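Visitor: Please find one structure pasted underneath; my questions will follow.
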């Protein structure tokens with residue numbers, strides 16, 4: 018088996034080392050990750066600039082590359098330019114911080130797995146539900162369980178698995194739940210400042226608000242100390258809205 | 018009415034001027050757009066860097082801002098930090114080049130409208146089906162028709178309208194079609210080069226391949242010289258895959 022690992026926290030992030038360590042005896046590991054943090058880049062790709070790529074050493078990986086692009090760039094470049102054969106699985110993570118609710122669409126970690134899926138390779142994204150004091154061992158063990166299953170059973174066409182793991186010791190995790198992406202939004206605050214030359218700039222800050230009255234969501238699974246498994250795809254069509262649109266726009 | 022206009026080609030792109038001109042008598046126009054090109058940035062946001070913002074003059078707009086961030090940043094900052102009242106409509110574009118098929122997930126133009134939708138504001142994205150010699154007047158006229166309808170009828174919850182316009186004189190456009198996002202992928206080629214100091218870099222290049230045997234897609238509407246209207250949302254859950262996952266993961 019050949020596994021491709023990427024992330025959005027950068028090649029030197031501890032989450033990637035934990036992932037390589039957990040998956041290394043499943044097959045040959047290639048790591049292709051950004052040369053620095055690329056959080057919240059969404060599904061950005063680099064088409065107007067050159068993409069720099071240099072080999073680095075990473076314990077447990079057969080080959081590793083630090084890449085000046087986004088997570089989606091890393092997966093594309095690895096598959097089309099760096100790996101001698103096509104990977105059997107793409108694993109993106111382990112992200113420091115959950116990718117649940119609306120965060121999914123801003124997530125570089127998820128976009129790495131989305132890119133793998135677009136290229137027809139079974140792909141998973143793994144995130145840990147904390148921004149500090151992560152229990153990497155739990156998320157790494159969960160990644161291992163999920164990776165083995167996906168290698169064995171595959172995934173539905175065009176669908177990746179978005180995995181969010183509670184930040185708890187493994188025995189305290191209450192199980193796995195198949196979930197949907199929770200409805201939520203960020204309420205942003207922009208802090209307005211002035212640089213020493215009088216130019217205005219802003220820092221974006223915000224909090225995620227969850228819509229009330231939902232069930233079976235990724236956010237709720239985490240709140241219940243469960244691993245959340247969400248099948249994600251990249252067809253953004255709102256199929257349920259098609260009939261209304263068809264009738265609304267008949268007369269144009 | 019208050020309209021917010023953004024794009025991903027930058028504040029000085031001709032597509033934004035065409036859009037302002039077409040919409041200016043529908044209400045008060047605010048333009049918040051990147052200070053340079055931000056194509057293919059997907060739904061990136063800027064959380065690790067400050068966002069610079071300076072007022073600029075743009076004919077037809079009550080206020081205009083050149084912003085150092087992504088299209089999604091521009092919409093967030095305009096709504097939460099720049100506009101005195103919430104806009105009634107967000108229009109993103111006119112993008113030079115189609116945003117149909119898999120391009121939708123890489124598109125900065127669509128992400129501007131997606132951000133508006135997340136914030137609860139009716140939003141549309143408008144793109145023209147060419148990379149050279151654009152007939153702006155046609156796309157601008159279509160944007161006007163669609164904007165008026167959306168202001169009048171609204172849009173379904175959580176749903177934006179992704180509009181792609183053929184690059185033809187208006188009388189040659191064959192009508193409007195409500196479509197879904199076409200199944201396609203980019204087949205990438207990476208051109209490997211070396212800089213004068215011996216460092217390897219790559220240029221990403223590629224072509225979109227359309228899956229065969231589809232109907233009712235955005236790409237096909239454009240091929241038939243029709244305006245394509247696709248209802249797009251941001252819930253990436255693959256609902257049709259949920260039952261299979263629920264049974265596959267019952268025993269974990």
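Chains as they are written, first to last, in our numbering: chain A, 18 to 269; chain B, 18 to 269.
Glycine included, each C-beta is placed from N, C-alpha and C at the ideal position.
Bear in mind that the values here come from a model prediction, so they are computed numbers and not experimental data.
Could I get the ranges of all uninterrupted beta strand (DSSP E) runs contained in the segment 205–239 of chain A, with 3 residues as the minimum, in chain order?
Guide: Those beta strand (DSSP E) runs which fall completely within the segment 205–239 of chain A and span 3+ residues are 217–227.
Visitor: Shorter than 8 Å from the beta carbon of residue 248(B) to some beta carbon of chain A?
Guide: Yes, because at least one Cβ of chain A sits closer than 8 Å to the Cβ of residue 248(B).
Visitor: Give me the residue from 23(B), 72(B), 259(B) and 160(B) with the minimum Cα distance to residue 130(B).
Guide: Nearest option by C-alpha distance: 23(B).
Visitor: Could you tell me the alpha carbon to alpha carbon distance between residue 64(B) and residue 132(B), rounded to whole angstroms?
Guide: If I take the Cα positions, the gap works out to 15 Å.
Visitor: Across which residues does DSSP place residue 148(A) in a beta bridge pair?
Guide: Answer is none; residue 148(A) lacks a bridge partner.
Visitor: Strictly by DSSP, which residues pair up with residue 177(B)?
Guide: Answer by DSSP bridge pairing, in chain order: 249(B).
Visitor: For a quick check, are the C-beta atoms of residue 56(A) and residue 68(A) less than 8 Å apart?
Guide: For residue 56(A) and residue 68(A), no; Cβs fall outside 8 Å.
Visitor: What does residue 80(A) pair with, by DSSP beta-bridge criteria?
Guide: Looking at the DSSP assignment, residue 80(A) forms a beta bridge with 47(A).
Visitor: Which residues mark the beginning and the end of the alpha helix (DSSP H) in which residue 264(A) is found?
Guide: Per DSSP, residue 264(A) belongs to the alpha helix (DSSP H) from 259–265.
Visitor: Does the beta carbon of residue 216(B) sit closer than 8 Å to a beta carbon anywhere in chain A?
Guide: It does: the Cβ of residue 216(B) has a partner Cβ on chain A nearer than 8 Å.
Visitor: For residue 190(A), return the contacting residues in chain B, with the cut-off set at a CB-CB distance below 9 Å.
Guide: In chain order: nothing, as chain B lies at least about 11 Å away.
Visitor: Do you know offhand how far residue 217(A)'s Cα is from residue 20(B)'s?
Guide: Whole-angstrom Cα-Cα distance: 24 Å.
Visitor: Excluding the 5 residues flanking residue 238(A) on each side, which residues of the same chain have their C-beta closer than 6 Å to its C-beta?
Guide: Same-chain partners within the cutoff: 194, 196 and 245.
Visitor: Please confirm whether residue 108(B) and residue 164(B) have their CB atoms less than 8 Å apart.
Guide: Yes.
Visitor: Return yes when the Cβ of residue 30(A) is within less than 8 Å of the Cβ of residue 60(A), no when it is not.
Guide: Taking 8 Å as the Cβ cut-off, residue 60(A) and residue 30(A) do not qualify as a contacting pair.
Visitor: DSSP state of residue 170(A), grouped into three classes?
Guide: Correct three-state label for residue 170(A): helix.
Visitor: Taking a cut of 8 Å between CB atoms, which residues from the segment 46–79 of chain B lie near chain A?
Guide: Correct list: 54, 56, 57, 58, 59, 60, 61, 62, 63, 64, 65, 67, 68, 69, 70 and 71.
Visitor: Could you name the residues of chain D that residue 263(B) contacts, counting a contact when the two beta carbons are closer than 7 Å?
Guide: Among the chains of the structure shown, chain D does not appear; the protein chains present are A and B.
Visitor: Going along chain A in order, which residues have a C-beta closer than 9 Å to the C-beta of residue 126(B)?
Guide: Simply none; closest approach about 13 Å.
Visitor: For the segment 94–157 of chain B, list the alpha helix (DSSP H) runs that are entirely contained and at least 4 residues long, ordered along the chain.
Guide: If we require 4 residues or more, the alpha helix (DSSP H) runs fully inside the segment 94–157 of chain B come out as 120–123 and 125–135.
Visitor: Of all the options 204(B), 121(B) and 236(B), which has the alpha carbon lying nearest to the alpha carbon of residue 250(B)?
Guide: Checked all of 204(B), 121(B) and 236(B); the closest Cα to residue 250(B) is 121(B).
Visitor: Does any residue of chain A bring its CB to less than 8 Å from the CB of residue 187(B)?
Guide: For residue 187(B), the answer is no, since every Cβ of chain A falls outside 8 Å of its Cβ.
Visitor: If we cut at 8 Å on Cβ distances, does residue 138(B) have a partner in chain A?
Guide: By this cut-off, residue 138(B) is not an interface position.
Visitor: Using only the alpha-carbon positions, how far apart do residue 80(B) and residue 259(A) sit?
Guide: Rounded to whole angstroms, residue 80(B) to residue 259(A) spans 35 Å at the Cα level.
Visitor: Would residue 62(B) and residue 198(A) qualify as a contact pair, given that the criterion is a beta-carbon distance under 8 Å?
Guide: Cβ atoms of residue 62(B) and residue 198(A): not closer than 8 Å.
Visitor: With a 10 Å radius around its C-beta and 16 neighbouring C-beta atoms as the bar for buried, classify residue 148(A) as buried or exposed.
Guide: Residue 148(A) is exposed by the Cβ-count criterion.
Visitor: Starting from residue 40(B), trace the alpha helix (DSSP H) in both directions and tell me its first and last residue.
Guide: 31–40 is the extent of the alpha helix (DSSP H) around residue 40(B).
Visitor: Helix, strand or coil for residue 161(A)? Go by DSSP, reduced to three states.
Guide: Here residue 161(A) sits in helix by DSSP.
Visitor: For the segment 95–110 of chain A against the segment 226–240 of chain A, are there 3 or more C-beta pairs whose distance is under 8 Å?
Guide: No, because fewer than three Cβ pairs between the segment 95–110 of chain A and the segment 226–240 of chain A fall closer than 8 Å, the two stretches do not touch.
Visitor: Nearest-angstrom Cα distance between residue 82(B) and residue 99(B)?
Guide: Computed Cα separation, rounded: 9 Å.
Visitor: Could you check if residue 179(B) is buried or exposed, using at least 16 other CB atoms within 10 Å of its CB as the buried criterion?
Guide: Buried, by the Cβ-count rule.
Visitor: Residue 198(A) touches chain B at which residues, Cβ-Cβ below 8 Å?
Guide: Those are 252, 253 and 254, listed as they occur along chain B.
Visitor: In angstroms with no decimal places, state the Cα-to-Cα distance between residue 40(B) and residue 46(B).
Guide: Taking the straight line from one Cα to the other gives about 8 Å.
Visitor: With H, G and I counted as helix, E and B as strand and the rest as coil, what does DSSP make of residue 88(A)?
Guide: Note: residue 88(A) maps to helix in three-state DSSP.
Visitor: If you compare alpha carbons, which of 172(A), 134(A) and 190(A) is closest to residue 156(A)?
Guide: Here the closest residue by C-alpha is 190(A).
Visitor: With a threshold of 8 Å between beta-carbons, can residue 209(B) be considered close to chain A, or not?
Guide: So, interface residue.
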